[in-house]
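Please read the structure below before turning to the comments.
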Ligand SMILES: CCCCCCCC/C=C\CCCCCCCC(=O)SCCNC(=O)CCNC(=O)[C@H](O)C(C)(C)COP(=O)(O)OP(=O)(O)OC[C@H]1O[C@@H](n2cnc3c(N)ncnc32)[C@H](O)[C@@H]1OP(=O)(O)O
């Protein structure tokens, strides 16, 4: 497992222009697929129209499959230090299920994101699935550890659901609470317009292999 993380940490030598070109090409594709996920859930057109739409989707799949990768995206970077985690389940540019567009980092160490959860993230009727809020918090807390210069894997994530989290507009934020050796303790929450819905504390641990490779790896740059 450790090896595959290192193997998927790749300088792919792209220029900034090439990265921007990829961003402009594949970002909108993920947006379209995101919309399709919701449409699959919400459309009320009849069986004939569904069949017709599926033929178009099959045609689109045939085009997209002509040239494709088969494995995970991993972490890619270039010589100018732009890091891409475009497959990331929470904020990957190319990942249609990723609910967050951008995570902001403040000079005081706070990281935050405003985002929307549509009905594809439903758990209890009309509300956000608790696993989805935990997913978002894992990323935001992990990002606070990384942004503060203490990247690590999630060792423990403790989540307290204080009240139901609605679907729709939400805010997530986190900051480092304290660092004890290889362990970084991070606190954060998700809030709606009325206030905090979910609180979390995470312990992020720098594994031995990360410490060993640290001088060769830039582990704290912001991801795009
Ligand atoms: C080449 C690339 C480099 C770049 C990489 C960048 C990384 C991140 C950067 C940016 C990320 C941005 C955001 C990401 C967000 C998403 C994060 C996730 O979803 S991560 C996936 C879920 N988590 C796992 O899959 C972990 C699986 N577990 C492990 O790998 C190990 O168990 C690990 C690393 C957690 C600990 O393994 P040990 O061997 O290093 O640790 P030991 O030596 O046993 O313990 C060290 C200390 O930590 C405590 N500890 C160990 N496990 C603990 C745990 N689970 N919870 C709390 N404390 C624990 C121990 O008691 C010990 O403490 P004492 O030094 O004695 O005080």
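In UniProt numbering, the protein residues as written are 1 to 224.
All C-beta atoms, glycine included, are put in the ideal place defined by N, C-alpha and C.
Please read these numbers as outputs of a predicted model, since none were measured by experiment.
Practice prompt. Name the one or two DSSP bridge partners that residue 210 has.
Written response: DSSP links residue 210 through a beta bridge to no other residue.
Item to complete: Within the region 98-174, note down every full beta strand (DSSP E) run reaching 3 residues or more, in order along the chain.
Response: 111-117 and 153-161
Worksheet item: Ends of the beta strand (DSSP E) at residue 76?
Response: Run containing residue 76: 75-77, per the beta strand (DSSP E) assignment.
Fill in: Within 6 Å of ligand 1: residues by beta-carbon to any heavy atom
5, 6, 9, 138, 139, 142, 143, 146, 151, 153, 154, 155, 156, 181, 182, 183, 203, 205, 207, 208, 210, 213, 217 and 219
Worksheet entry | residue 198, DSSP secondary structure in three states | strand
Item to complete: Enumerate in chain order the residues of its own chain whose CB-to-CB distance from residue 86 is below 6 Å, with the five nearest sequence positions on each side excluded.
Response: Answer for residue 86: 73, 92, 93 and 94, listed in chain order.
Worksheet item: With DSSP run on the structure shown, which of helix, strand or coil describes residue 61?
Response: helix
Discussion item. Quick check: the Cα distance between residue 232 and residue 70, rounded to an integer number of angstroms?
Written reply: Look at the range of the chain in this structure, 1 to 224, and you will see that residue 232 is not part of it.
Worksheet item: Quick one, are the C-beta atoms of residue 182 and residue 152 less than 9 Å apart?
Response: yes
Item to complete: Mind checking which residues open and close the alpha helix (DSSP H) that includes residue 33?
Response: 16-42
Fill in: Contact check, residue 254 vs residue 136, beta carbons under 9 Å
This structure cannot settle anything about residue 254, because the visible part of the chain is limited to 1 through 224.
Worksheet entry | Three-state secondary structure (DSSP) of residue 226 | In the structure displayed, the chain extends from 1 to 224; residue 226 sits before or after that span and is not available.
Fill in: Span separating the alpha-carbon of residue 158 from that of residue 138
10 Å
Discussion item. Do residue 190 and residue 170 have their beta-carbon atoms positioned less than 9 Å apart in this structure?
Written reply: yes
Fill in: residue 292 burial status per 10 Å Cβ neighbour count (16 or more: buried)
An answer regarding residue 292 cannot be provided, because it is not within the stretch 1 to 224 covered by the chain.
Worksheet item: Excluding five sequence neighbours on each side, which residues of the same chain lie with their C-beta closer than 7 Å to the C-beta of residue 205?
Response: Beyond the five residues adjoining it in sequence on each side, residue 205 comes within less than 7 Å, by CB distance, of 152, 153, 155, 182 and 183 in the same chain, given in chain order.
Item to complete: Return the chain-ordered list of same chain residues with a C-beta closer than 6 Å to the C-beta of residue 32, the five sequence neighbours on each side being excluded.
Response: none
Item to complete: Would you tell me roughly how many angstroms separate the C-alpha atoms of residue 173 and residue 14, rounded to the nearest one?
Response: 32 Å
Discussion item. For a quick check, are the C-beta atoms of residue 130 and residue 165 less than 9 Å apart?
Written reply: yes
Worksheet item: Whose CA, out of 38, 178 and 221, lies closest to the CA of residue 96?
Response: For residue 96, the nearest C-alpha among the options comes from 38.
Worksheet item: For residue 188, which beta-bridge partners are listed by DSSP?
Response: 174 and 200
Worksheet item: Cα separation between residue 223 and residue 178?
Response: 23 Å
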